[in-house]
Amino acid sequence: MQGSYDPVLVFASYCVAVIAAYIALYFGTRLFQIEGPARKFWLVMGGLCLGSGIWSMHFVGMSAYTMPMDMEMSFDLSLTALSWVPAMLASTLALYVITRQTVKPRSIIASSLIMGAGICAMHYGGMYAMQMHPQIGYDPLLFWISVAIAVGASGAALVICRQVRNVPERYVFITKTAAALVMGAAICGMHYTGMAAAIYSPEASLPAANLLRGDWMGIPMAVVAAVLLLIALIVALQDFREIERVKRNQERRDAWVSEVTHNDAVSGLATRQHFEKSLLQRIAGGGQAHFSVLYLELHGYRDLVSRQGEEAANQLVREAAQWWVAYLPADALCARYNRNSFMALCPALSADQIEAVSEGLREGLQKSLYAREYGHWGLGFSSFPDSAGNSRRLLDMARSLTVQVRYDETSGGVAA
Numbered sequence: 001m002q003g004s005y006d007p008v009l010v011f012a013s014y015c016v017a018v019i020a021a022y023i024a025l026y027f028g029t030r031l032f033q034i035e036g037p038a039r040k041f042w043l044v045m046g047g048l049c050l051g052s053g054i055w056s057m058h059f060v061g062m063s064a065y066t067m068p069m070d071m072e073m074s075f076d077l078s079l080t081a082l083s084w085v086p087a088m089l090a091s092t093l094a095l096y097v098i099t100r101q102t103v104k105p106r107s108i109i110a111s112s113l114i115m116g117a118g119i120c121a122m123h124y125g126g127m128y129a130m131q132m133h134p135q136i137g138y139d140p141l142l143f144w145i146s147v148a149i150a151v152g153a154s155g156a157a158l159v160i161c162r163q164v165r166n167v168p169e170r171y172v173f174i175t176k177t178a179a180a181l182v183m184g185a186a187i188c189g190m191h192y193t194g195m196a197a198a199i200y201s202p203e204a205s206l207p208a209a210n211l212l213r214g215d216w217m218g219i220p221m222a223v224v225a226a227v228l229l230l231i232a233l234i235v236a237l238q239d240f241r242e243i244e245r246v247k248r249n250q251e252r253r254d255a256w257v258s259e260v261t262h263n264d265a266v267s268g269l270a271t272r273q274h275f276e277k278s279l280l281q282r283i284a285g286g287g288q289a290h291f292s293v294l295y296l297e298l299h300g301y302r303d304l305v306s307r308q309g310e311e312a313a314n315q316l317v318r319e320a321a322q323w324w325v326a327y328l329p330a331d332a333l334c335a336r337y338n339r340n341s342f343m344a345l346c347p348a349l350s351a352d353q354i355e356a357v358s359e360g361l362r363e364g365l366q367k368s369l370y371a372r373e374y375g376h377w378g379l380g381f382s383s384f385p386d387s388a389g390n391s392r393r394l395l396d397m398a399r400s401l402t403v404q405v406r407y408d409e410t411s412g413g414v415a416a
C-alpha cells in the first residue's frame, strides 16, 4: 500500500535538515579554535543541536506522509524520546571526529559506519515508535539502500566539514551554505528512502495510548525546531566571538610580555635576560663556532641623572644604542645590559674590526653633548672559545675594559 506526501511539509523537513547541517559545519570549523572546558561544552552543545535537528527533520518528514489507511499518524512518547538518543550520540561523534587535528582514513570510515548506524537507529526507532499492529514491514532492497545513504552521507559530511576550514575567509559563508544544501538533501534522501521501504498491512492499526498525535507535528514543529536551532547558532556565534576576543587580548598581552622580556623600553635593544639566555644557547650549540662578546660602559651616568634628570639620561641611552647598533655587524645581538652599559654578541671579530667599532663609537660620542660634560666611556671584549669557554667568564673578561676614552676639551674631540 502506498501513501502520499504534503509538498509543503517535505520542503519544511528539508529546511530543518539544511539548518542542522549548517550548524554542524559551523561547529566543525569553530571547535578547532578553542580548547579546554569551553571546547567540551560546545562539542556537546553542537551534538545536541545537530542531533535534535536531524531528529526534528525526521518527525516533520513523518508528518508530511499520509498513510494509505484511513488513520491519523501517532507515536508512543517514550519510544519517540528514546529515538532522539542515537541521533544525538552520532552527531556528537561526528563533531568530535571532524574537529581533531589529524584524522586517518580508517577513522573516517569507522565513524561513518557508526554515524550511519546511529541515524538509521533514530529513523527506524522513530518508525517503531508508532507501535503499529501488525508491525511495519520493510522492502529489503530499499532498506539497505537507505542504510547505504546514511553511511555515505555521514562520510561525506565528515569530509566536507574538515575541508571547509581550509576555504579562504571570503568564500566561507557561500561554501558552508552550498555544503549544507547538499548535506540536507542527503539527510532527507535517507529519510524518504526509508519511508519508501515501509510496507503497511491493510489491517494495521495504531494504539489509542499513543500520546504524540495531531497537526502540531507538521509546520509548527518545523518552525519551532528551526527557530531553536537558529537561536542556538546565534548564541554560539556570540560566545565564539567572545572566546576569540579573549584569545586576541591574551595574544596581545603575551606579545607585550614578550616585548618587555626581550626588549628594553628605553633603548629598544634586547634585555639583559634575553642576551644572557642567547649567550648560553650559543655556547651550548656552538660546537666549533667562534664568536665575540663586546661590552660598552658609559661613565658619568649617575651625574647626568642627578643634574639633568632621568629623561636626559634616557636620551643618552637612546643615542648610545644607535651608535652601538650602527657600528656592529648586522647580525649582532645588541642588548642594554645595565642602566649605563651595553653588550653585543656577534661573529668573531678581528682586532682591526674591533678597532673600527671603537673608532665609530668615538665619532658618535664626539657629536653628543654628553661628551662635553660627561664624556668618559669604555669598551671591552672577549671571544669564544679563545678567551673562555663559559658564559660567566666571557662576560667578566668583556667587562675588564681594554679601551678607555675621554672627551679632550683642548682638541674638541675624544682621546683614548
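Numbering (this note's numbering), first residue to last: 1 to 416. Ideal Cβ placement from N, Cα and C applies to all residues, glycine included. Model, not experiment: these values are computed from the prediction.
In the structure shown, the three-state DSSP call for Leu279 is helix. Between Tyr327 and Ala356, the gap from beta carbon to beta carbon is short of 9 Å.
Bounds of the alpha helix (DSSP H) holding Tyr26 are Pro7 to Arg30. For Ala335, the uninterrupted beta strand (DSSP E) run begins and ends at Leu333 to Asn338, by DSSP. Taking the Cα of Ala157 as reference, the smallest distance to any Cα among Ala81, Tyr171, Leu361 and Met183 is reached at Met183. With fewer than 16 neighbouring CB atoms inside 10 Å of its own CB, Ser78 falls in the exposed class. Taking C-beta atoms as the reference points, Gly53 and Val10 fail to come closer than 9 Å. If you ignore the 5 residues before and after Leu279, its C-beta comes within less than 8 Å of the C-beta of Val293, Leu345, Ser391, Leu394 and Leu395, all in its own chain and listed in chain order. When the Cα atoms are used, Gln135 and Tyr128 turn out to be separated by approximately 8 Å. Contact between Ala17 and Cys161 does not hold, since their C-beta atoms are separated by about 15 Å, which reaches or exceeds 8 Å.
Looking at Val103, Ala150, Arg100 and Thr102, the one whose alpha-carbon comes closest to that of His123 is Ala150. Residue pairing by DSSP places Thr177 in no beta bridge whatsoever.
The straight-line gap separating the alpha-carbon atoms of Thr66 and Thr175 is approximately 36 Å. Around the beta carbon of Thr80, 16 or more other beta carbons lie within 10 angstroms, which makes this residue buried.
Between the C-alpha atoms of Leu48 and Met88 there is a straight-line separation of about 5 Å.
By the criterion of a C-beta distance shorter than 8 Å, Gly125 is surrounded in its chain by Leu79, Leu82, Ser83 and Pro86, once the five residues flanking it on both sides are discounted. For Met132, the three-state secondary structure derived from DSSP is coil.
A distance of 9 Å or more separates the beta carbons of Phe173 and Thr99. Under the three-state reduction of DSSP, Asn263 is assigned to strand.
Runs of the alpha helix (DSSP H) spanning 4 or more residues and lying entirely within the region 69-118 occur at 77-98, in chain order. Ranked by Cα distance from Ala20, the options Pro68, Ala179, Val266 and Tyr295 are led by Ala179. Taking the C-beta atoms as reference points, Phe384 is found no nearer than 9 Å to His274. Collapsing the DSSP output to three states places Thr193 in a helix.
In the displayed model, Met67 falls within coil according to three-state DSSP, outside both helix and strand. When the alpha-carbon of Ile109 is set against those of Ala121, Ala94 and Cys120, the nearest one is in Ala94. Taken atom to atom, the span from the alpha-carbon of Phe75 to that of Met132 is near 9 Å.
Around the beta carbon of Asp331, a 10 Å sphere encloses fewer than 16 other beta carbons of the protein chains shown; the residue is thus reported as exposed.
Distance from the Cα of Ala12 is smallest, within the candidate group Ser4, Met45, Gly36 and Phe59, for Phe59. Rounded to whole angstroms, the Cβ separation of Ala186 and Ala153 is 4 Å, and the two are in contact under 8 Å.
For Leu328, there is no enclosing beta strand (DSSP E), as DSSP marks it with neither H nor E.
Asn340 is classed as buried because its beta carbon has at least 16 other beta carbons within 10 Å across all chains shown.
Burial state of Ser205 is exposed, judged by a 10 Å Cβ sphere holding fewer than 16 other Cβ atoms.
From the listed residues Ile23, Tyr14, Pro7 and Ser4, the smallest Cα separation to Leu230 is found for Ile23.
Taking the Cβ atoms as the reference, Gly380 lies roughly 5 Å from Ala398, within the contact range of under 8 Å.
Tyr171: not part of any alpha helix (DSSP H); DSSP gives it neither H nor E. In this chain, the alpha helix (DSSP H) harbouring Leu394 covers Ser391 to Arg399.
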